Amino acid sequence: MQVAATASGEGGGDAAVPPLLRAAGVAKSFGPVVALRSADLTVGSGEVHALLGANGAGKSTLVKLLTGVLRPDAGSIDLQGSPVSFSSPAQAARLGLAPVFQDPALLPDLTIAQNMRLTGADPAAVRRELRALDLDVDPAAQAGELPLPMLRMVDLARALSRDPKLLLLDEVTAALPSDLAERVFTVMSALRERGRSVLFITHRLKEVIASCDRATILRDGGAVASIDPREAGEGRIVEHMLGPEAARAAAVAREQDADAVAPRTVERLATGDAALEVDELAVGRLEAVSFALRPGEVLGIAALDGQGQDELFRALSGQQAPDAGTIRVAGRPLKARHPYDAIRAGVVLVPADRLQALLPQRSVRENIASPRYNRLARWGAINMRDEGRRVRSAIDSLQIDIRAARQVRRLSGGNQQKVTIARWLASGFQTMLCFDPTRGIDVGTKRQVYALLRRLADEGAAILFFSSELAEFPLVCDRVLTLFGGRVTAELPGTAADEASLLRAMHGLVEAGEEAA
Amino acid sequence: MTSAAAGVAAAIDRRGTLRRLVRRHGWTIGVYLLLLALVLYWRGQTKLPWGPFDVQSLAIDALPFAFAACGQAVVILSGGIDLSVGSLMSLANVVSAKYMLHMSFTQALLFSLAVIAGSALAGALTGLVTVVTRVADIIVTLAMLFVWAGAALAVLQVPGGGAPLRYQNLVQFDTVLTKWLPSAIAILLVAYAVLWLTVRRTKPGLGLYAIGSSRSAAYLAGVHVSRSRILAYAYSGLFAGLGGLALTAASGIGDPNAGSIYTLNSVAAVVLGGVSLLGGVGGLIGPIGAAFVLTLVKTLMILKGVNQNYAQVFQGALIVLVVMVGGLAIRQKGKGT
Chain G
38 MQVAATASGE GGGDAAVPPL LRAAGVAKSF GPVVALRSAD LTVGSGEVHA LLGANGAGKS
98 TLVKLLTGVL RPDAGSIDLQ GSPVSFSSPA QAARLGLAPV FQDPALLPDL TIAQNMRLTG
158 ADPAAVRREL RALDLDVDPA AQAGELPLPM LRMVDLARAL SRDPKLLLLD EVTAALPSDL
218 AERVFTVMSA LRERGRSVLF ITHRLKEVIA SCDRATILRD GGAVASIDPR EAGEGRIVEH
278 MLGPEAARAA AVAREQDADA VAPRTVERLA TGDAALEVDE LAVGRLEAVS FALRPGEVLG
338 IAALDGQGQD ELFRALSGQQ APDAGTIRVA GRPLKARHPY DAIRAGVVLV PADRLQALLP
398 QRSVRENIAS PRYNRLARWG AINMRDEGRR VRSAIDSLQI DIRAARQVRR LSGGNQQKVT
458 IARWLASGFQ TMLCFDPTRG IDVGTKRQVY ALLRRLADEG AAILFFSSEL AEFPLVCDRV
518 LTLFGGRVTA ELPGTAADEA SLLRAMHGLV EAGEEAA
Chain D
289 MTSAAAGVAA AIDRRGTLRR LVRRHGWTIG VYLLLLALVL YWRGQTKLPW GPFDVQSLAI
349 DALPFAFAAC GQAVVILSGG IDLSVGSLMS LANVVSAKYM LHMSFTQALL FSLAVIAGSA
409 LAGALTGLVT VVTRVADIIV TLAMLFVWAG AALAVLQVPG GGAPLRYQNL VQFDTVLTKW
469 LPSAIAILLV AYAVLWLTVR RTKPGLGLYA IGSSRSAAYL AGVHVSRSRI LAYAYSGLFA
529 GLGGLALTAA SGIGDPNAGS IYTLNSVAAV VLGGVSLLGG VGGLIGPIGA AFVLTLVKTL
589 MILKGVNQNY AQVFQGALIV LVVMVGGLAI RQKGKGT
């Protein structure tokens, strides 16, 4: 029966029974950024369907389109054979599509009971679902007082209380303790038995193989395959996520870049004090991570969304206090209570969101000089001549286009990112933390950034480098660590960090280093 | 039950209902304790026998202020701000005083309903403009401040007009049940119960808290953010209308500038009343109490013959002090648990 439903779902519009949900050619752009080029997705009745893809493949955008959070630019969505267009999340919910997001849609200042009433959920039904999930939640508790995993379960119970035709789970099991995650899987199979459907988004391929009937894989904003995950196996799934063309293109790009950025095998790394040493560091989702970063080295951190990399960079840059473990900078323990402490110790951050680091309304010169105000202008006037000299030399060495130098916000993204790096060149640093430094900048500038990072390392700087673009790792890094579930799962030499190996290790599939070596 | 879930459940159990009540409403309780302390101090200052008249005079002064604070509180709870509360009060004041002058008591009451409805519509218009133009609420309401102030001057250039004596007595002399309960306070309580208590636990009322708490989460939870914002401003207009009528009854005339002091004072009362300026946290009881506190502080200053200018300095210092001490107490509590 389920098989039949699935098959008809596969067959498309001409089959007798229309599939529960059919999205065809759905597209969405945010300004010049294409989030979803053209995605197709068919979910049959009584089917647990996985939606897979690497970071930025368009999964979250697709889910938002299916739940009325966003409106598509093109394409059609059919529900049980009739076209629908959602104008709001409330309307999508009325039509039987219930989402549970990674960040629960519960208002922190309202109690659980008030949250239920707000969305028109039947409190008795929610209580019943919570009991079925074996959870004891006080409805008078304020949502903000409950821990995140519990909120997610409450959100799930609320979604279930509506008896949805399609339950959409957007990375719900990420950062859920295993016993709660187990209950989510129980719910999924119970729904399947009752002929309801689930769209399950996750990064954990083992979960997909264990509990999903079909999987649609997105890559670069389009659906590339719809497969049976059990038949295909992890290897094939990763292949689809990566794409053979991409793998080949990455190889070609590497050859082209070989002139600009010479891949190195570094001998001197083994000697000397570590510039940055992290021992059993635990912050938020980061559980226990240890590594040493030496002067002259670029160490890559590769991870899927939310594996603890954000917390790692926040802790190292002094924005968040670690829960446990130690950070040592040049041998001395660093207890940063403020980014100021980290900067003084010589650890500086280049964040992905440039506008977070820059003063957008101010000039390039002021921006580059701003970290220096800490030291120079502590009590006296700013030495303008010295400042000007240092800023000019930073601008020259980075080839920053300063035609629009009066306001940094008028610069292109790439030039803005150069300014964030130039700030630290002008003020001096020992260790640079680069968190996705090339996000949203053009290819030419990206290459300049790679070359710059390599040059800085050659001059003795230590660089920790996170990127969401896997192709960057072999171009920039001497070594790459992969994080999964808050722990280091593999260490690869930069030359062997090709996308396939990284992707496997990032999904917690072991021994990626083996075949690469 | 398995480990993680058991731990979570135990964490919830530890929080007793009473403790939760105190924690959630501690600020409001504190405001009323402050009010009580001020009342006792006030009593200690006068040698004259203390009577219902004193309560009455405080209520007369505080009523328009309390309504302004309610209106401002609803908007701030929903994550906005309304700088037009005061001038909308002026408008309601002059319109009512101009037309009620020769009305009978019953006609005046019916006309009051029309004024209240009109004010609510005016507030809703402000909300609509904010939502449609997507201009920041502080700018839209600043513009509306000038619009309503201008309209008030167009209705009545100089203080004038009036209201039936019985209408004025409602606020100035009447009492309910006992001579210790001025009808001004009864009106305030009835307005609070009818207008707010009935709504705050319903879906639209929760929507106001929801958009103040987190606009994006509210949207994802299916709340109509735009409608809720308009509702918040409609409420503000409604209370401004009540405040304007209270001014008419309390003073017996219409004055195109009567409401202007309430714009920023209402924000002060809201802050002192324990409403988060970020939205989502608080209620109306706190700001109402704070309006009485601030009114009483002013009365005490006059009583002690303090220079008007210093009185304002003191009032400002009091607000900062109370909010700071409260903030420290909350932070201390956060560290304890």
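Residue numbers (our numbering), protein chains in the order written: chain G, 38 to 554; chain D, 289 to 625.
All C-beta atoms, glycine included, are put in the ideal place defined by N, C-alpha and C.
Just so you know, these numbers come straight off a predicted model, no measurement behind them.
- The DSSP-derived three-state label of D/H512 is coil.
- Listed along chain D, the residues sitting closer than 7 Å to G/Q151 by beta-carbon distance are L494.
- Distance between G/Q356 and G/V385, taken at the CA atoms: about 11 Å.
- For G/F472, no alpha helix (DSSP H) encloses it; the enclosing beta strand (DSSP E) starts and ends at T468 to F472.
- Put simply, of G/E244, G/H86, G/A389 and G/A352 the residue whose alpha carbon is nearest the alpha carbon of G/E506 is G/A389.
- Rounded to the nearest whole angstrom, the CA to CA distance from G/K243 to G/V525 is 18 Å.
- When secondary structure is reduced to three states using DSSP, G/V63 falls in the strand class.
- The alpha-carbon of D/V513 is positioned some 14 Å away from that of D/D425.
- Nearest Cα to G/H544 within the set G/G83, G/V71 and G/L89: G/L89.
- With contacts defined by Cβ atoms closer than 8 Å, G/A196 and G/L204 form a contacting pair.
- Assignment of alpha helix (DSSP H) within the stretch 429–462 of chain D, counting only whole runs of 4 or more residues, yields 453–460 in chain order.
- G/E506 sits in coil when the DSSP states are folded into three classes, being neither helix nor strand.
- Flagged as an interface residue toward chain G: D/G510, by a C-beta distance shorter than 8 Å.
- Against chain D, the CB of G/V106 has a partner CB under 8 Å away; the residue lies at that interface.
- Spatial neighbours of D/Q600 in its own chain (CB-CB distance under 7 Å, excluding positions within 5 residues in sequence) are not present.
- In the three-state scheme derived from DSSP, where H, G and I count as helix and E and B as strand, G/I405 is classed as helix.
- Taking 8 Å as the CB threshold, D/Y329 stays off the interface with chain G.
- Boundaries of the alpha helix (DSSP H) around G/E276: P266 to L279.
- Listed along the chain, the chain D residues whose CB falls inside 7 Å of the CB of G/A142 are A505, L508 and A509.
- Taking CB atoms only, D/Y550 has no neighbour in chain G less than 8 Å away.
- At least one CB atom of chain G sits nearer than 8 Å to the CB of D/Y497.
- In this structure, G/R229 and G/V85 form a Cβ contact; the two beta carbons are roughly 5 Å apart against a cut-off of 8 Å.
- Pairing G/I405 with G/V428 gives a Cβ-Cβ distance under 8 Å.
- Within the same chain, V387, R391, P474, T475, I478, T482 and V486 come within 8 Å of G/Q454 by CB-CB distance, once the 5 residues on both sides are set aside.
- Between the stretch 433–442 of chain G and the stretch 344–358 of chain G there are fewer than three C-beta pairs closer than 8 Å, too few to call the two in contact.
- Contact of G/L134 with chain D by beta-carbon distance below 9 Å is absent, the smallest such distance being about 11 Å.
- By the beta-carbon neighbour count (other beta carbons within 10 angstroms, threshold 16), D/K467 is exposed.
- For G/G362, the enclosing beta strand (DSSP E) starts and ends at A361 to V366.
- Excluding five sequence positions before and after D/R503, the CB atoms of its chain that fall closer than 7 Å to its own CB belong to G367 and V513, given in chain order.
- Here D/M589 has A599 as same chain residues with Cβ atoms under 6 Å from its own Cβ, once five neighbours each way along the sequence are excluded.
- Selection D/Y455, D/F353 and D/A538 evaluated against D/H390 yields D/Y455 as nearest (Cα-Cα).
- For D/S554, the enclosing alpha helix (DSSP H) covers residues Y550 to L560.
- Here D/L306 carries a helix assignment [DSSP, helix/strand/coil].
- Against chain D, the beta carbon of G/R154 has neighbours under 7 Å at K491 and L494, listed in chain order.
- If the five residues before and after D/L323 are omitted, its C-beta is found closer than 8 Å to the C-beta atoms of G577, F580, V581 and L584, all from its own chain and listed in chain order.
- Within the stretch 335–395 of chain G, the runs of beta strand (DSSP E) at least 3 residues long that lie entirely inside it are, in chain order, 335–340, 361–366 and 384–387.
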